[in-house]
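For the protein sequence lines, the chains are A and B, in the order given.
In this text, residue positions in the first sequence follow the working numbering: the first is 1, and each later residue adds one.
In this text, residue positions in the second sequence follow the working numbering: the first is 1, and each later residue adds one.
In what follows, a single structure is set out as structure tokens and then discussed.
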Amino acid sequence: MSRYEGYKVEADAPLYRPIYETSRGFYITVALLLAIILWAFYCYFTQVRTGLVVTGMNQPVTWGFYIVNFVFFIGISHAGTLISAILRLSKAEWRRPITRMAEVITAIVLAIGGLHPIIDQGRPDRMLNLVESGRLQSPLLWDVTSITAYFTASTVYLYIPMIPDIARLRDQGGKLKWLYSFLSWGWIGSERQKHVLNRAISILMVMVIPIAVSVHTVISYIFSMTLQPGWHSTIFGPYFVVGAIFSGIAALLIVMIAFRKFYHLENYLREIHFQYLATLLLIMSILWSYFTFSEYLTGVFGSEPYEMQVILYKFAGPFAPYFWAMVACNFLIPATILSIRKFKTIRGILIAAISVVIGMWLERLVIVVPSLANPRLELPIGIYIPSLVEWSLFAGGVAVFVLGFMIFSKMFPLISIWEIEEGRKEGLKEVEERIHSYLPTVPARL
Amino acid sequence: MPKWAMVIDLDKCTGCGACMVACKVENNVSIVSPEEAENGRVMFWMDMITTYEGELTHLKARSMPKPCFHCDDPPCTKVCPVRATYINSEGLVAQIYNRCIGCRYCMAACPFTAKVFNWSEPQWLEGDSSCFNPDVSKRMNGVVEKCTFCSHRLMKVREQADIEERPIRDEEYMPACAEICPADAINFGDIENKKSTVSKLSKSFRSSRMMDDLGVEPKVYYLAERSADE
């Protein structure tokens, strides 16, 4: 295939470049990721054939990595849609180069996370029983409902603002013309089309926020609706939502920094964007710590024996390394880096973001396993050691995410081209007018 | 409507484990290999909790047989996404093995860890397949199972009683564990029937239920051990 060069005349050529030019490193990475994914498929196949015996789960630790990763991935998915919707809604002008990536994260990660309960099932072949004889009284069905709603809403919310960009790609006339003409729905950029598009985006962004909040609330309900010590807590809903947004912002930052470097988008993703998002990350870190503090203080102060057993298992027992690593990763490291100006560079922000993603994964682990490992009756304390199959499927999940993102970047621009243009043409004027409208009017001097 | 309940006298229980064996045979419970049992995947519908008290030279072992408690307000049935576990009209908490999707949510929700899961393809003793109890369906890989209070026995007893047009007599319907217990520590019957043994025993001053404060209303009562200086 001859290389397409037509895009180079565009003002935003760097945004088109990844679609038409592919380096060798890209193919090597894809091959590597495909190998991991194939291996994960093989592992899942053995699990289906022989049963969940290939995992490290047992009695009483009946849930392990799969549920931990389910909560973790769905948490990451809050990066996107929620953050981009909030930024759009609050008319934050700096959102323009960020929203698309955030929405892509949501769509991909949600698909991966949503698969985890199926991976976890002993009988995945009976999946359709959830439809045939599903009980809406079960928190698991609430999950199915709200995750499906969120997936639908967030993919639509990703797609609709992409239409003008797809039309541009169609008009470029490079590769995949048939696909772009199909997906662009005859977009010609008329006034009426623009009006409908903006209207659709406004409706969606308002609609998507409550759905996103409901998703992680309902996931926390899986745990908090049971009577188990360590789970039966009223703050779990908001606690999980805060954690989800927290890990979502961190994941978004990592993705932004990575693709900025690979695709040379320094001119679009500028220092200021990272500074603003990092401040948001710092706020969420403090909020998360506040929730964690309240959750454990009420437990310790009440000192119910069974509750205490779980808490001590986390504070000083076998899970102490994970618990304190979680505190360090989610609070100490990001709070130190992000509140000292000298450290708040892009490199510092990257370290903080990676630390938060690890910390939030540990948080899910620290919530799921200890409560199960400490049953109320005087049974021996459960031990959970994840098996190779579980680790492989975890790696597979991450690989699917990276690969999905890379493939997306080869088909569609990672940064919304028309929104950047709109920012240049209309945003500047609009913001000036808006600021004028905030200020008191100056009385005419006599 | 009778309310089937169990009273386990811990003063009589010797911890011999006959109930566990009887249960396993009666209900075609899968035999798990020693290695897998070591990994916490052992399958007992009737389990035995053993706790040790005191110093090494005065060690005292306490045994407590633990079946499913068949709660009147069961936390497990509330969370099942497909109604594969439910409380039936007899008040027994039942499982539908053919509908279970194996999510193990009921196991996570049970405060008494009464349920077990088929982590792999179930295995039984090699040889003559006629040793299976034909009244109890065999389970398959990937589903949750648990004590049913031997409800297949209830069906038989009920049929017989219906033919003879009489109510079920006290101690006519007995689960395998209660029948086998050599120390007569496990009593079973209709707790609503004032004249039944379980009804009388459950009102004993020694009687209590496990974790009554949770409000799940278990139907298994324990009679406390009498201490030596009583």
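Glycine included, every Cβ here is placed at the ideal spot set by N, Cα and C.
Neighbour list for A/Ser-138 in chain B, Cβ cutoff strictly below 7 Å
Val-79, Cys-80 and Pro-81
Is there at least one Cβ from chain A nearer than 8 Å to B/Pro-65's Cβ?
no
7 Å Cβ shell around B/Val-143 - same chain, five flanking residues per side excluded
Tyr-97, Cys-100, Gly-102 and Asn-118
Secondary structure of B/Gln-95, DSSP reduced to three states
strand
Label A/Lys-429 either buried or exposed according to how many other C-beta atoms from any shown protein chain fall within 10 Å of its C-beta, with 16 as the threshold for buried.
exposed
Taking 8 Å as the threshold (beta carbon to beta carbon), is B/Trp-45 in contact with chain A?
no
Proximal residues of chain A, C-beta to C-beta of B/Val-143 below 8 Å:
The contacting residues are Gly-122 and Arg-123.
What alpha helix (DSSP H) runs, 4 residues minimum, are completely inside the stretch 4 to 58 of chain B?
18 to 26
Does A/Glu-378 get closer than 8 Å to chain B when you measure Cβ to Cβ?
yes
Does the stretch 385 to 405 of chain A touch the stretch 208 to 221 of chain B, meaning 3 or more C-beta pairs lie closer than 8 Å?
no
For A/Ser-285, tell me which candidate among A/Phe-331, A/Ile-163 and A/Ala-278 has the shortest Cα-Cα distance.
A/Phe-331
Can you list, in chain order, the residues of its chain with a C-beta nearer than 7 Å to that of A/Arg-100? Leave out the 5 residues immediately preceding and following it.
Only residues of its own chain outside the window of five on either side were considered, and among them Leu-414, Ile-415 and Ser-416 have a CB closer than 7 Å to the CB of A/Arg-100, listed in chain order.
Specify the secondary structure class of A/Val-402 as computed by DSSP and reduced to three states.
helix
Name, going along the chain, the residues of the stretch 38 to 69 of chain A whose beta-carbon falls closer than 7 Å to a beta-carbon of chain B.
Listed by position along the chain: Thr-50, Gly-51, Leu-52, Val-53, Asn-58, Gln-59, Pro-60, Thr-62 and Trp-63.
Between the Cα of A/Phe-182 and the Cα atoms of A/Ile-166, A/Gln-193 and A/Leu-252, which residue gives the shortest distance?
The option with the nearest alpha carbon to A/Phe-182 is A/Ile-166.
Do you know offhand how far B/Glu-192's Cα is from B/Ser-199's?
Their Cα atoms are separated by approximately 7 Å.
Hey, would you say A/Ser-154 sits closer than 8 Å to A/Glu-191, going by beta carbons?
no
Quick one: is B/Phe-117 near chain A, going by C-beta distance under 8 Å?
yes
Is the number of C-beta pairs between the stretch 426 to 443 of chain A and the stretch 104 to 118 of chain A that are closer than 8 Å three or more?
The stretch 426 to 443 of chain A, when compared against the stretch 104 to 118 of chain A, does not touch it at the 8 Å Cβ threshold.
Contacts of B/Ser-33 in chain C (Cβ-Cβ under 9 Å):
The structure shown contains no chain C; its protein chains are A and B.
Compute the beta-carbon to beta-carbon distance between A/Ser-448 and A/Phe-236, rounded to the nearest angstrom, for a pair I have assumed lies under 8 Å.
Outside the displayed span of chain A (1 to 446) sits residue 448 of chain A, for which this structure offers no information.
B/Met-107 at chain A interface by Cβ criterion, 8 Å:
yes
Is it buried or exposed, A/Ser-355, if we count other Cβ atoms within 10 angstroms and call 16 or more buried?
buried
How about A/Ala-85 and A/Met-205: are their beta carbons less than 8 Å apart?
yes
Can you give the beta carbon distance from B/Pro-75 to A/Thr-226, rounded, assuming they're within the 8 Å contact cut?
6 Å
C-alpha gap between A/Arg-199 and A/Ser-184, whole angstroms
17 Å
Considering only the alpha carbon of each residue, which of A/Trp-418, A/Arg-376, A/Gly-397 and A/Leu-312 lies closest to B/Ile-49?
The option with the nearest alpha carbon to B/Ile-49 is A/Arg-376.
Since A/Ser-339 is in the alpha helix (DSSP H), which residue starts that stretch and which ends it?
333 to 339
Within 10 Å of its beta-carbon, does A/Pro-440 have 16 or more other beta-carbons around it, so buried, or fewer, so exposed?
exposed
Do you know offhand how far B/Val-157's Cα is from B/Met-174's?
9 Å
Should the stretch 262 to 271 of chain A be regarded as contacting the stretch 6 to 26 of chain A, the criterion being three or more beta carbon pairs within less than 8 Å?
yes
Check this for me: beta carbons of A/Leu-503 and A/Leu-141, under 8 Å apart or not?
Nothing about residue 503 of chain A can be read from this structure; chain A reaches only from 1 to 446.
Cβ of A/Pro-117 within 8 Å of any chain B Cβ:
By this cut-off, A/Pro-117 is an interface position.
Check each residue of the stretch 286 to 317 of chain A: if its Cβ is closer than 7 Å to any Cβ of chain B, include it; give the result in chain order.
Hits within the stretch: zero.
DSSP puts B/Ala-61 in a beta bridge; with which residues?
B/Tyr-52
Compute the Euclidean distance between the alpha carbons of B/Arg-41 and A/Arg-260, then round it to the nearest angstrom.
For B/Arg-41 and A/Arg-260, the distance between alpha carbons rounds to 48 Å.
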